[in-house]
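K.L.:
Counting in the working numbering, the sequence shown runs from 181 upward without gaps. By construction, the Cβ of each residue, glycine as well, lies at the ideal position given by its N, Cα and C atoms. All values reported here derive from a predicted model rather than from experimental measurement.
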Amino acid sequence: MCTQKPPHDYSQQLYDKYRESFEEYIVSTVLPSLREKHDEFMLRELVKRWANHKIMVRWLSRFFHYLDRYFIARRSLPPLNEVGLTCFRDLVYKELNGKVRDAVISLIDQEREGEQIDRALLKNVLDIFVEIGMGQMDHYENDFEAAMLKDTSAYYSRKASNWILEDSCPDYMLKAEECLKREKDRVAHYLHSSSEPKLLEKVQHELLSVYANQLLEKEHSGCHALLRDDKVEDLSRMFRLFSKIPRGLDPVSSIFKQHVTAEGMALVKLAEDAVSTKKAEKKDIVGLQEQVFVRKVIELHDKYLAYVNDCFQNHTLFHKALKEAFEIFCNKGVAGSSSAELLATFCDNILKKGGSEKLSDEAIEETLEKVVKLLAYISDKDLFAEFYRKKLARRLLFDKSANDDHERSILTKLKQQCGGQFTSKMEGMVTDLTLAKENQTSFEEYLTNNPNADPGIDLTVTVLTTGFWPSYKSFDLNLPAEMVRCVEVFKEFYQTKTKHRKLTWIYSLGTCNISGKFDPKTVELIVTTYQASALLLFNSSDRLSYSEIMTQLNLSDDDVIRLLHSLSCAKYKILNKEPNTKTISSTDYFEFNSKFTDKMRRIKIPLPPVDEKKKVIEDVDKDRRYAIDASIVRIMKSRKVLSYQQLVMECVEQLGRMFKPDVKAIKKRIEDLISRDYLERDKDNANLFRYLA
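1. DSSP state of residue 491, grouped into three classes?
2. Between which two residues does the alpha helix (DSSP H) harbouring residue 749 extend?
3. Does DSSP classify residue 755 as helix, strand or coil?
4. Could you check what DSSP says for residue 657 in three-state terms: helix, strand or coil?
5. In the DSSP assignment, what are the bridge partners of residue 886?
6. With respect to the alpha helix (DSSP H) encompassing residue 337, which residues constitute its N-terminal and C-terminal limits?
7. For residue 869, does the three-state DSSP call read helix, strand or coil?
8. Thinking C-beta only, is residue 552 closer than 8 Å to residue 591?
9. Which residue comes first and which comes last in the beta strand (DSSP E) that contains residue 772?
10. Measuring straight from C-alpha to C-alpha, what distance separates residue 389 and residue 505?
11. Return the chain-ordered list of same chain residues with a C-beta closer than 8 Å to the C-beta of residue 392, the five sequence neighbours on each side being excluded.
12. What are the boundary residues of the alpha helix (DSSP H) that residue 856 is part of?
13. Check each candidate in 571, 573, 852, 541 and name the one with the smallest Cα separation from residue 583.
14. How far does the beta strand (DSSP E) with residue 779 in it reach, from first residue to last?
15. Suppose you measure from the CA of residue 788 to the CA of residue 543; what does that come to, to the nearest Å?
16. Quick one: give me the first and last residue of the beta strand (DSSP E) that residue 725 is part of.
17. Please report the residue range of the beta strand (DSSP E) in which residue 821 lies.
18. Where DSSP assigns a beta bridge to residue 651, which residues make up the other side?
19. Measure the alpha-carbon distance for residue 386 versus residue 352 and round it to whole angstroms.
20. Does the separation of the CB atoms of residue 701 and residue 777 fall below 8 Å?
21. Helix, strand or coil for residue 559 per DSSP?
22. Would you list the one or two residues that DSSP bridges to residue 517?
23. Measuring only the C-alpha atoms, how far is residue 853 from residue 685?
24. So which of 724, 210, 634 has the shortest CA-CA distance to residue 231?
25. Tell me the residue span of the alpha helix (DSSP H) that contains residue 394.
26. Is it buried or exposed, residue 864, if we count other Cβ atoms within 10 angstroms and call 16 or more buried?
27. Contact between the stretch 839-852 and the stretch 805-821 is defined here as three or more beta-carbon pairs at a separation below 8 Å; is this criterion met?
28. The ligand MG and residue 692: does any heavy atom of the ligand fall closer than 7 Å to the residue's C-beta?
29. Between the Cα of residue 710 and those of 870, 738, 771, spot the shortest distance and give me the residue it belongs to.
30. Alpha helix (DSSP H) containing residue 282: first to last residue?
31. Determine the burial state of residue 780: buried for a count of at least 16 other Cβ atoms within 10 Å of its Cβ, exposed for fewer.
32. For the alpha helix (DSSP H) containing residue 620, list its first residue and its last residue.
33. Looking only at its chain, what residues have a beta carbon closer than 6 Å to the beta carbon of residue 687, apart from the 5 residues adjacent to it on each side?
34. Can you round the beta-carbon distance between residue 870 and residue 820 to whole angstroms, since I take them to be within the 8 Å contact cut?
35. Let me make sure I understand the geometry here. Which of 484, 366, 597, 630 has the alpha-carbon closest to that of residue 548?
36. Run through the DSSP bridge pairs and tell me what residue 860 is partnered with.
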């Protein structure tokens, strides 16, 4: 029939008859059987009829395979398979897809309400929407999916409006998470996989986006309450849910920042209150400030860093929120002490012998690691460095350091955090002390080999490099004759080693062991060089006035008052004072107290420490001026011409790692550099600066 020459070739008639056979069967049998059924019964009938239709198409296509291979190919007609499926689409699908869609959506809603439905049936029905497209998803998307998504929105909108009024935030989130899980399950069982992102987006929008603020700000169960009550599981759920909606984490991270800031500020206030209410000795207050406050801040950081890593899955938004929160309260002082000072003192207590923190080596290492993390939040890192350096100097010079390894370890950590420039002087100090010990050994060998060079007393000298150490006042103390000989001997020794270095003696850092011959017994007194010099005056005089002591020692009023107070008004009264009052006056007289005794044979007489805070702040301010100058010159040298705003901005950016430079200070330094001919203003534009080579 198909291989004869025209007019005996019936290919076209066969092709047309093929289509007519399908159309006739569908109209006479398929459609009537579908029209008389409704809902689930209609769906079952449709699945059966579609399966039968596909079998028919497959077999008839095989019978007329010759048509497909030759006639259809030559005429560019639709293949037999396509013709068969098109008949079903045009006659059955187009008439019934609306009813089918509504029946499917009705079943989905029934399942959402907890009823059991035939999932396999839905899968087979929805496959028809996909297969009828013959490779295109238009029919599935336009005829089913769009309506299903609209219904989903309406369904969850109704649910959410009730839940938000009835449920607590955790309960609401549990329901939302369960709903999302079930919708995913629906996709896995009967919806097309391409529907998943669209479906979940609708559910998330209705359950989360619409009510985000209301949900997060619920008074007794919202995000604030969950953070306050440490509801870790609920917070993790909140993160999982809100991370799925656009900018959903912004309000959560904002509340997290507010909460951490409030907790930190509460610690600051607690420390402030403790200081102001506790009228104790200064030492107690200081201990309370540094140790308790810093320890609590470390605990707070540990707690919320764990939240960021666990509940909030290490998300950058929460790391940023944590950083910003800590920067707010970590830069608040407590009772006049800056956070930089508090942190330095905290380190000192951990690292010095007899500090208030009794910790194992592992705990010390761990705590130092955490302190360095806290330092990242402090804007005045240079102030911390100077306070730390002062305290490190005292630990090293007075042999107060508990463990050299810990000293080196924290310097390594600080170097990693803040750069080599930050720790170079401190590392120099630690190295200096090792060299000083070697120097002392050489001095002892020199004394052994030169019997004439006898200082008369046991002498230890620590030689340090000026550039590494904090600056100390070096007064021209009139040394007692016993000590003058020591200085001379050491100078002679030092000149044998080098002739190009100048020694500056810092007597204020020296200590002496002197023998006090009192009537009851002899007591060894451990005192500073200043105290020893004052006491040795009484070897040749029984009674001395304030002014005589001051003249003979050649010290300032402040230093004389401090040392005489420590010897006559404090715990150990080595000198008797007239009149017998608790303060030192320029009209006072002093005598050696021969009746002094103590149960110990060896006592240390402390000299009240000078408040170093003012000096440290002055030194840091001075260093900052140099740093700003250097930064401006560096910038201008590379840029040649720059506007005022741009110069200030670049300067702040360059120096920001160590401190936050004040804009007024930068302006002042610019003016100073102009006066010193490093820069000049543009003649036509006063806001423009030029670099002068």
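P.N.:
With the structure as the only source:
1. In the structure shown, residue 491 sits in coil (DSSP, three-state: anything other than H, G, I, E or B).
2. Segment: none, residue 749 is in no alpha helix (DSSP H) and carries neither H nor E.
3. For residue 755, the secondary structure class from DSSP, reduced to helix, strand or coil, is strand.
4. Note: residue 657 maps to coil in three-state DSSP.
5. A question about residue 886 goes unanswered here, because the residues of the chain that appear run from 181 up to 873.
6. Residues 326-346.
7. Strand, per DSSP.
8. No, the Cβ-Cβ distance between residue 591 and residue 552 is not below 8 Å.
9. Annotation for residue 772: the continuous beta strand (DSSP E) segment containing it runs 769-772.
10. Annotation: residue 389 to residue 505 spans about 26 Å, alpha carbon to alpha carbon.
11. Here the set comprises 422, 425, 428, 431.
12. Bounds of any alpha helix (DSSP H) do not take in residue 856, whose DSSP letter is neither H nor E.
13. Comparing alpha-carbon positions, the option among 571, 573, 852, 541 lying closest to residue 583 turns out to be 541.
14. Per DSSP, residue 779 belongs to no beta strand (DSSP E) and is neither H nor E.
15. Taking the straight line from one Cα to the other gives about 32 Å.
16. Start and end: 723-725.
17. 821-823 is the span of the beta strand (DSSP E), which, as asked, contains residue 821.
18. Beta-bridge pairing by DSSP links residue 651 to no other residue.
19. Taking the straight line from one Cα to the other gives about 13 Å.
20. Closer than 8 Å, so yes.
21. The answer is coil: DSSP assigns residue 559 none of H, G, I, E or B.
22. Beta-bridge pairing links residue 517 to 514.
23. Straight-line Cα distance between these residues: approximately 35 Å.
24. For the options 724, 210, 634, the alpha carbon positioned closest to that of residue 231 is the one of 210.
25. Membership of residue 394 in the alpha helix (DSSP H) is indicated by the continuous run 392-396.
26. Counting the other Cβ atoms within 10 Å of the Cβ of residue 864 gives fewer than 16, which makes it exposed.
27. As far as the Cβ criterion goes, the stretch 839-852 touches the stretch 805-821, which means the pair count is three or higher.
28. The ligand MG is not among the ligands present in this structure, which contains no ligands whatsoever.
29. Taking only the C-alpha atoms, the option nearest residue 710 is 738.
30. Where residue 282 is concerned, the enclosing alpha helix (DSSP H) stretches over 274-292.
31. The C-beta of residue 780 has fewer than 16 other C-beta atoms within 10 Å across all chains shown, which makes the residue exposed.
32. First-last of the alpha helix (DSSP H) with residue 620: 600-629.
33. The residues are 657, 709.
34. So it is a contact: roughly 7 Å between Cβ atoms.
35. Nearest of 484, 366, 597, 630 to residue 548, Cα basis: 597.
36. Looking at the DSSP assignment, residue 860 forms a beta bridge with 870.
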